[in-house]
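When you line the sequence shown up against the numbering used here, it's residues 562 to 904, in that order. Have a look at the structure below, then the notes.
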Amino acid sequence: MVKKRLASGKPCEKCEQAEAMLRDRGLWERVDEVLWALEDDPDSPGMKLGRELGVELAPFFVVRDGEGSSVYTSALRLVRDHFPQARGGARRESRPAVPDDLEAVAAELADAPPQRILRWGLERLGADCGIAFSGAEDVVLVDMAARTELPFTTFCLDTGRLHPETYRFIDRVRKHYGIDIQLPSPDPAELEPFVREKGLFSFYDDGHRECCGIRKVAPLRRMLSGLRGWISGQRKDQSPATRADIPVVQDDEGFAGADGRLVKLNPLAGWTSAQVWSYIREHDVPYNELHDRGFISIGCEPCTRPTNPGEHERAGRWWWEDETRRECGLHVPEPANIDGEGI
Ligand code: SF4
């Protein structure tokens, strides 16, 4: 495998993601050697090999077998062609394709039960589809996904600012379902100068956009770049200002997946909080102990507080900001991320 290191000294995100994906599928030990292509050193081993093979992209892989050698610039394609038995791979070969027109699919599935929407996604994307795990809704999705017995991926953004209870909850869910939960975390090269310059609570003064951008949006972007789809627990009634129109399935316009396109599923879009909690009780699903202490929507510790009876469930998130700006940038299109709308 040839990995790139940027002139800044940071490893290329896509290379890191490719390595993580191979590790996740138990294939990393099949990599005989890693050569570094240093962006600022044309004589580094990886740069030389790239020139020899006429490859301009990293990561890339050189596969040698009895028939000679071949070059891959996509880790997913490498897995598909050479290791179809890897986790989720055997099913991948026979999966139905994701149609071009997701609006038609969204219309067809608009009133379907969440389990059917979830199954639609996992049958097509399998382990290339990640459940973004954090709250009550997400563990319901994990429970539903586990019952399909189809492969899927689970991840939780570790901002470094979650409640201790949330970290314990993540571990409990991991053990309860016997699943890996990947924990993408902020890039120290971005986080450290930010904290050095602005301290640990700058969001109370100038809004949460910058901190969420570093601690949530960038790690999410890195995570999604190795997937083809993701599943969120968003519900329409969580925020009349920002979530009223979410479809059950859509092309994600804000992030790119491993092959460019990224499908986003919102199986619980049409559910209410009461339906989520009734599922949790009925199926004995584990939940975050903070819910028993008045927290409804739970994010980072400094930005979440319990809500009072009668308050909207997202009233406890970034409560010092205007309601229309109470999103973290995970569920809004790219242009909005850039100009700050909706974050
Ligand atoms: S929720 Fe608060 S602490 Fe967490 S990433 Fe956003 S601004 Fe930072």
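Idealized CB from N, CA, C, for every residue including glycine.
List the endpoints of the continuous beta strand (DSSP E) containing residue i.
i: residue 598; result: 596–599
i: residue 825; result: 824–826
i: residue 566; result: 563–566
i: residue 716; result: 714–716
i: residue 731; result: Element bounds for residue 731: not the beta strand (DSSP E) but the alpha helix (DSSP H), 725–738.
i: residue 790; result: 790–792
Which two residues bound the contiguous alpha helix (DSSP H) that contains residue i?
i: residue 809; result: Taken as a continuous stretch (DSSP letters only), residue 809 belongs to no alpha helix (DSSP H), as it is neither H nor E.
i: residue 841; result: 834–843
i: residue 783; result: 779–785
i: residue 749; result: 749–759
i: residue 767; result: 764–767
i: residue 770; result: 770–773
Quick one: Cα of residue i to Cα of residue j, how far?
i: residue 665; j: residue 696; result: 29 Å
i: residue 643; j: residue 727; result: 39 Å
i: residue 568; j: residue 603; result: 11 Å
i: residue 529; j: residue 671; result: A question about residue 529 goes unanswered here, because the residues of the chain that appear run from 562 up to 904.
i: residue 690; j: residue 711; result: 11 Å
i: residue 775; j: residue 635; result: 27 Å
i: residue 810; j: residue 826; result: 4 Å
i: residue 766; j: residue 777; result: 19 Å
i: residue 722; j: residue 870; result: 26 Å
i: residue 608; j: residue 614; result: 10 Å
i: residue 563; j: residue 878; result: 43 Å
i: residue 872; j: residue 698; result: 19 Å
i: residue 678; j: residue 875; result: 25 Å
i: residue 842; j: residue 701; result: 10 Å
i: residue 651; j: residue 829; result: Model confidence at residue 651 stands at a pLDDT of 43, short of 50, so the residue's coordinates are unreliable; what they give is reported in the following sentence. Their Cα atoms are separated by approximately 29 Å.
i: residue 692; j: residue 624; result: 31 Å
i: residue 587; j: residue 581; result: 10 Å
i: residue 749; j: residue 669; result: 44 Å
i: residue 725; j: residue 718; result: 14 Å
i: residue 905; j: residue 631; result: Residue 905 is absent from the model: the chain starts at 562 and stops at 904.
i: residue 849; j: residue 579; result: 32 Å
i: residue 808; j: residue 840; result: 21 Å
i: residue 709; j: residue 861; result: 31 Å
i: residue 601; j: residue 763; result: 35 Å
i: residue 782; j: residue 628; result: 37 Å
i: residue 812; j: residue 824; result: 5 Å
i: residue 571; j: residue 674; result: 44 Å
i: residue 611; j: residue 657; result: 35 Å
i: residue 761; j: residue 791; result: 30 Å
i: residue 599; j: residue 576; result: 13 Å
i: residue 639; j: residue 633; result: 6 Å
i: residue 752; j: residue 715; result: 24 Å
i: residue 524; j: residue 683; result: Nothing can be reported for residue 524: it is not among the residues displayed for the chain, which extend from 562 to 904.
i: residue 713; j: residue 846; result: 18 Å
i: residue 743; j: residue 838; result: 25 Å
i: residue 784; j: residue 859; result: 21 Å
i: residue 686; j: residue 655; result: 11 Å
With ligand 1 as the reference, list in chain order each residue whose Cβ lies under 6 Å from any of its heavy atoms.
The set, ordered by position in the chain, is 720, 722, 764, 769, 772, 773, 776, 777, 860, 861, 863, 864 and 889.
Is the stretch 853–865 touching the stretch 814–826 in the sense that three or more CB pairs, one from each, lie closer than 8 Å?
Flag = no, the stretch 814–826 and the stretch 853–865 do not touch.
Pick out the complete beta strand (DSSP E) segments inside the stretch 611–697, 3 residues or longer, and give them in chain order.
Secondary structure remark: continuous beta strand (DSSP E) runs of at least 3 residues inside the stretch 611–697, in chain order: 622–626, 629–633 and 690–693.
Cβ contact (3+ pairs, closer than 8 Å) linking the stretch 737–749 and the stretch 833–844:
Three or more Cβ pairs closer than 8 Å define a contact, and the stretch 737–749 falls short of that threshold against the stretch 833–844.
Taking 8 Å as the cut-off, does the stretch 857–872 touch the stretch 742–760 (at least 3 CB pairs, one atom from each stretch)?
The stretch 742–760, when compared against the stretch 857–872, does not touch it at the 8 Å Cβ threshold.
Please determine if the stretch 612–623 and the stretch 655–665 are in contact, where contact requires at least 3 C-beta pairs separated by less than 8 Å.
Put simply, the stretch 612–623 does not touch the stretch 655–665. Fewer than three CB pairs are less than 8 Å apart.
For the pair the stretch 590–602 and the stretch 791–801, tell me if three or more CB-CB distances fall below 8 Å.
No, because fewer than three Cβ pairs between the stretch 590–602 and the stretch 791–801 fall closer than 8 Å, the two stretches do not touch.
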